[in-house]
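K.L.:
Residue numbers (my numbering): 1162 to 1636.
Can you read through this structure? Questions will come right after.
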Ligand code: BGC
């Protein structure tokens, strides 16, 4: 499991609301946001770029079967699940900063291998290596930032990460579209080296996480780091609080399954699984392949993909504005309902077979845009936000890590089987299945997911431990 250390995210809320206008602190927060954005950007770019690259890749290496295309797409996700698990442990042992630096190096190595791969199997190896880095980044970058940023901006950071993911996806779609005429899939993969190098350089300018230093008993160094990040009066209380919390026994896997935590663990893991089995990444990774198969030209398919990526970013921005106003549940429930309608619309467009013309082509595109926009306003950001909010401090790192791994694993299962499933039960059948699973998810969210808006993490820790979930909604 990642660590009880991850649990210190949110450890010092008492200073929330206190305003410091120190310019230096602001600068550090901005730099930290930039680094978060680079981690999320790489996550988005490396997972999104394959969608367009597949169109050109599949005719290379003597032609790729559907299963080989699925392998190129989804082996990254196997690497990501391993990376998310490993990064938690490694960052506990050697620190967050060196872990991010190693992650950036792995990114560059994997991306270079993909861009210059001599054969199909080397490409698969490269995708696994990139996956290790994507998974590690999805875990350790928010962990580092969470421990480094002042409490009052931590909530925004979590959702900024989702925004960065969607921006990475959009940038990758633009790269795919811009390079379509050259059919240069190697460059499409290779461009990811730029943000990876920037992540490495950015991290070099940063200090180690103060909380990790305290946990190592290196209080003097932590004090020095904190003096750049906090009001002077907040420093000693924070050190004392983190030291006290780190003296607790580390949470074990058994603690995660204790009667108090189990219901919350199921909520996180089920949100993770529902986020994936309702089909988002079949759209994010395979939309151009589907549209091309339905009779769209390469350019039209990639352009539609860019529009879809832009809707994803735009609606994530809307979600960030609304999450703290209308609450998580309203967005989650409205968004998931929209996803179901979008899925059914897209599915019905394929009722006459896999080729789309005229009105049916428009219906498929409208359905896809509605689906993606609805995901971006609800289940996309809300999953990542809730897993950062609902767990008691002591198990937060471990529980978040488990939900993250469940997310990558479910993503893998869906992505590895999607094209094959289409050939077995047809495009209509697959989208109906996703529509049905979205309805199941919706029912579960309505019944079980608590509202967390406007409550401090300590309050939530108290409330979620004492009150059965459905009652908390009224709170
Ligand atoms: C999901 C990713 C997905 C992305 C799309 C994230 O919340 O975890 O799997 O690709 O949203 O925007």
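C-beta atoms are modelled at their ideal positions from N, C-alpha and C, and glycine is treated no differently.
Everything numeric in this text was worked out from a predicted model, so none of it was measured.
1) Between which two residues does the alpha helix (DSSP H) containing residue 1273 stretch?
2) Return the CA-CA distance between residue 1538 and residue 1435, expressed in angstroms with no decimal places.
3) Closest by CA to residue 1234, which one among 1528, 1216 and 1490?
4) Which two residues bound the contiguous alpha helix (DSSP H) that contains residue 1296?
5) Is it the case that the Cβ atoms of residue 1331 and residue 1442 are separated by a distance below 8 Å?
6) Provide the residue span of the alpha helix (DSSP H) that contains residue 1369, from first to last.
7) Suppose you measure from the CA of residue 1625 to the CA of residue 1544; what does that come to, to the nearest Å?
8) Mind checking whether the beta-carbon of residue 1473 lies closer than 7 Å to any heavy atom of the ligand BGC?
9) Whole-angstrom Cβ separation of residue 1399 and residue 1386, contact assumed at under 8 Å?
10) Are residue 1360 and residue 1255 closer than 8 Å when you measure CB to CB?
11) Looking at the unbroken alpha helix (DSSP H) that takes in residue 1612, where does it start and where does it end?
12) Which of the three DSSP states, helix, strand or coil, is assigned to residue 1424?
13) With DSSP run on the structure shown, which of helix, strand or coil describes residue 1622?
14) Please state whether DSSP places residue 1172 in a helix, a strand or coil.
15) Return yes when the Cβ of residue 1210 is within less than 8 Å of the Cβ of residue 1364, no when it is not.
16) Would the beta-carbon of residue 1466 be found less than 7 Å away from any heavy atom of the ligand BGC?
17) Quick one: measure Cβ to Cβ for residue 1257 and residue 1304, integer angstroms, because I've assumed they're closer than 8 Å.
18) Leaving out five residues on either side along the sequence, give the residues of the same chain with a beta carbon under 7 Å from the beta carbon of residue 1184.
19) If you draw a straight line from the C-alpha of residue 1420 to the C-alpha of residue 1334, how long is it?
20) Quick one: does the C-beta of residue 1566 sit closer than 7 Å to a heavy atom of the ligand BGC?
21) For residue 1517 versus residue 1525, is the C-beta distance shorter than 8 Å?
22) Using 10 angstroms around the beta-carbon of residue 1173, count the other beta-carbons present and answer buried if the total reaches 16, otherwise exposed.
23) In three-state DSSP terms, what is residue 1210?
24) Let's test the definition: count the other Cβ atoms within 10 Å of the Cβ of residue 1542 and tell me whether it reaches 16, buried, or not, exposed.
25) Contact between the segment 1376-1393 and the segment 1413-1427: three or more CB pairs below 8 Å?
26) Residue ranges of each alpha helix (DSSP H) run of no fewer than 4 residues wholly in the segment 1222-1257, ordered along the chain?
27) At which residue ranges does the segment 1425-1463 contain complete alpha helix (DSSP H) runs of 4 or more residues, listed in the order of the chain?
28) So does residue 1460 have its beta carbon nearer than 7 Å to some heavy atom of the ligand BGC?
29) Output the residue ranges of the alpha helix (DSSP H) runs that lie fully inside the segment 1512-1579 and measure 4 residues or longer, sorted by chain position.
30) Which class does residue 1590 belong to by DSSP, given the choice of helix, strand or coil?
31) Excluding the 5 residues preceding and the 5 following residue 1222 in the sequence, name in chain order all residues of the same chain whose CB lies nearer than 7 Å to its CB.
32) Among the residues of its own chain, which have a CB less than 6 Å from the CB of residue 1276, if the five just before and after it don't count?
33) Does the distance from the CB of residue 1354 to the CB of residue 1203 come in under 8 Å?
34) Using a 10 Å radius around the Cβ and a threshold of 16 neighbouring Cβ atoms, would you call residue 1393 buried or exposed?
35) Would you say the beta carbon of residue 1453 comes nearer than 7 Å to a heavy atom of the ligand BGC?
P.N.:
Reading it off the structure:
1) 1257-1277
2) 15 Å
3) 1216
4) 1281-1309
5) no
6) Note, residue 1369: premise wrong, no alpha helix (DSSP H); not H, not E.
7) 17 Å
8) yes
9) At roughly 11 Å, the Cβ-Cβ gap does not stay under 8 Å, so residue 1399 and residue 1386 are not in contact.
10) no
11) Element bounds for residue 1612: n/a, residue is neither H nor E.
12) helix
13) helix
14) Summary for residue 1172: the model assigns pLDDT 37, below 50, so the residue's position carries little reliability; its value from the coordinates is reported in the next sentence. Note: residue 1172 maps to coil in three-state DSSP.
15) no
16) no
17) 6 Å
18) none
19) 45 Å
20) no
21) yes
22) Because the pLDDT at residue 1173 is just 39, under 50, the model does not fix this residue reliably, and the value given afterwards should be weighed accordingly. Residue 1173 comes out buried.
23) coil
24) buried
25) no
26) 1227-1255
27) 1441-1454
28) no
29) 1519-1538 and 1540-1550
30) helix
31) 1280 and 1281
32) 1347, 1350 and 1351
33) no
34) exposed
35) no
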